[in-house]
Amino acid sequence: MIAYRRKVFQTSHSDLRDRLNTTNHPTLYKNLLRGSYNHWQAFVRQIERQGGAYTPQVLSQQEFTAILVQD
């Protein structure tokens, strides 16, 4: 289940970023991305609290790190 969530989160994030570049409604996609960042941050915090570590599978490590430092 966790592996599935990881892949869905990463794929969704990539899709949102792609659509942000082509939409007539950038505010909508920016808000969706902000929500995606918040979910990622909470997800990773929970993994780390349980002594685990997360390695991205779809996003690059650089893209993933940028998500984690979003405000």
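If you're matching positions, the sequence shown starts at 0 in numbering that gives the first Met the number 0 and goes up one per residue. Glycine included, C-beta positions come from ideal geometry on N, C-alpha and C.
query                                                                                                                                                                      : result
To the nearest angstrom, how far is it from the Cα of N20 to the Cα of G51?                                                                                                : 34 angstroms
Taking S11 as the reference, which of L32, V43 and F42 has the closest Cα?                                                                                                 : L32
Which residues in the same chain as F63 place their Cβ atom closer than 7 angstroms to its Cβ, once the five residues preceding and following it in sequence are excluded? : P55
To the nearest angstrom, how far is it from the Cα of S13 to the Cα of S59?                                                                                                : 11 angstroms
So, using beta-carbon positions, are Y53 and V68 closer together than 8 angstroms?                                                                                         : no
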